[in-house]
Each structure stands twice: as C-alpha cells, then as structure tokens.
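Below is one structure, written out as structure tokens; the observations come after it.
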Amino acid sequence: MPSIEPWELKAKIFEKKCVAMEKEVAKLCPPANATALKARMKSNRKMAYDREDKLSESIPAAIKKGVTGKKWKDFLADKDFKKALADWEASLGEQQALVKSLEDLSADARKRFQEFKRARDDFEKEMKKAGQAERTNKSVKKWMDKSAAILTDLTTSKDAFGTLQAKDAFFGANLKKSRDVIVTKALKEGKGDELPDMLLENPKRQQTDNKAKRLARNIEKFTSHANMLCAKEKFATIPADVPGKKDLEKDVQTAKACLKKASEHLKTLEGLNKELQAAKKKQAKLIAAHNEQGKMNSLIKSVADQHKAGEDAFNAAEDLVEEADSKL
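Heads up, the sequence shown is in this note's numbering, so the first residue is 426 and it goes up one at a time.
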C-alpha cells in the first residue's frame, strides 16, 4: 500500500474545508441573497412612501368627519387612519427586518472570511514548504482556485451591509418620531390655507359658477362687438373722404371702449381663477379627501377653461383693434 505524503494529507484536509465552506456560504451568506435583500429594501421603501402618502391623506379626511387632535393617537378613532397607519408601520417594520437580515448575513460572511482566509494562507505556506507549487501541482492549484472563489463570494457578502445607503439602513428606524412628523406636517398643511368658501360651501360654489359664466358671457359680448367694429374687410381700404375715415376712427374708439370693459371682466375672472388654482395646489389633500371633491374639481376646471377662453378672445380682439388703428 503506497504511503501518503504529509502534504497530501494536508491537501485532503483543506479540500474538505473548501467543500464544507462552499456549502456554508451557499446556505447562510451567498452574494445573491445580499443582492436580493437590497432589491427588496428598495421596493419596500417605495411601497412605504406610497403608504405614507395615504396616511397623510387620511388625516384631513378624518378631520372632515369630525375627528380632532394634534398627535397620531388622537386619530386612531378613525378606521381609515388606523388602517393606513397599520399598513405604513408594517412597511417600516419590514424594512428594519430586511436591514437586520443583511446585517446578519454580512456578519456571518465576515466571521467565515477571517477563518477561511487564515486556513488558505496556512495551506499555501505549507504547500510551498513541501515544494508543491500551484504551477506544478494541479491538485494544489485546483483548491487554491476554489478557495479564492469562495473568498471572493465571502468578500462580497461581508461588505454588503457596509455599502447599504443610509436612506435604506435607517428608514423607519425611529417609528415614533416618524409618526409624529407625518401627522404634524399633515395638520400644518391642512391649516395653512383653508379651502375658500367658493369651494367649500355648495351655495357659494353655485354663486361662483354663475359669476364666472356671467363674466365669460360679458367678455364674449364685448370682444365680439370689438371684432365686428374692426373687422379686417372694413379696414382693407381706408376711405379718402374725411367723413368716411371719421366713421372708421369712431368705430376704433368704440372698439377700444369695448376692450376696456372686456378687460375689467377678464380681470375679475382671472382673480377667481387664481384663487381656485391656489386652493387646488395648496390644498390638494383636503380636496382629495372631501366627499364633494368631484364638484370642487369641476368648478376649478370650469373657471379655468372660461378664463382661458376669455383671455384668448380678448387677445385676438385686441390684436384686431390695434391692426385697424394702425391703418388710420
């Protein structure tokens, strides 16, 4: 029976260590798991932000139902707020669980890396001492290459937690502070600019709608009259006689007076539109939470459309009058 060289015995022992470590890495701290955990954190953080928005929106909605308070606990009486809070907290809890999993994975890999690197370094020294270099001994080369690949995987895994971005690592870490911040911000936004009465109260909405339509009709009436007085065909040829030219000059002056009246109505309509657009921008959450949001949005759009139409009509009429005036 052939004798076994001491270096062969050591090679067999190291071979078993490589096989065992490869299995441990695959089971407990594979790089693929670290990558997957980071991907889940990113996805979960996005979901948490969406749930945070819903939580914020539930506060003005709860206020509309009569719930009052300054802290998150004050709103637990509202079932929609309570559910939104639970969903959001679940996302934060999931994030911290994922962070802990990655931290544990990196810790496992770090411990194994240190132990396995020492074993590999010792094996390399012993093989050199025994005259069994990688370049001449295929068996030694095989396990040196295998151990190098294992160390590469362990390096990736042990460094994974250290490369985690702060926004992922600390997202939702301070749950109590996060809850209070969201509620305080939502309350501040809700009190920043109350919804104007023209949106909040149904009779006022109707009055605003009627007023906007009346202003739009007046703008249309005065701009149409100005367009008729200064029609292009009337000013295509300017009369040589003084009376004929005087008539055209009178028409231009009358058209200018019409534009002035149209401008006054347009200015009032513009004021209504600006107030409604400001409410739409600053109080979007309050409007979204209101049970009559459809009527509110309808009024906002209607006034905006009428203002745009009035503005276009005025600008076109103004250009026509200026063109007619320049020909005199």
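Beta carbons: idealized from backbone N, C-alpha and C, even for Gly.
>> Quick test of the definition: if touching needs 3 or more C-beta pairs under 8 Å, does the segment 466-477 touch the segment 488-507?
In response: no
> So residue 608 packs on residue 484, CB below 8 Å; how close in whole Å?
Replying inline: 6 Å
> If you scan the segment 490-528 from start to end, which runs of the beta strand (DSSP E) of 3 or more residues do you find wholly inside it?
Replying inline: Counting whole runs of 3 or more residues, the segment 490-528 contains no beta strand (DSSP E) stretch at all.
> Which first and last residues belong to the alpha helix (DSSP H) in which residue 570 is found?
Replying inline: Residues 563-585.
>> Using the three-state DSSP reduction, which class does residue 455 fall into: helix, strand or coil?
In response: coil
> Would a C-beta distance cut-off of 8 Å place residue 691 and residue 728 closer than the cut-off?
Replying inline: No, these two residues do not count as a Cβ contact at 8 Å.
> Nearest CA to the CA of residue 679: which residue from 463, 742 and 658?
Replying inline: Minimum Cα distance to residue 679 is reached at 742.
>> Measuring straight from C-alpha to C-alpha, what distance separates residue 534 and residue 454?
In response: 6 Å
>> Quick check on the DSSP output: the alpha helix (DSSP H) that includes residue 712 runs from which residue to which?
In response: 709-714
>> Less than 8 Å between CB atoms is the rule here; does residue 568 satisfy it with respect to chain D?
In response: The structure shown contains no chain D; it is built from a single protein chain.
> If you drop the 5 nearest sequence neighbours on each side, which residues of the same chain put their C-beta closer than 8 Å to that of residue 479?
Replying inline: Counting only Cβ-Cβ distances below 8 Å, and skipping sequence neighbours, we find 509, 512 and 513.
>> For the alpha helix (DSSP H) containing residue 632, name the first residue and the last one.
In response: For residue 632, the enclosing alpha helix (DSSP H) covers residues 627-654.
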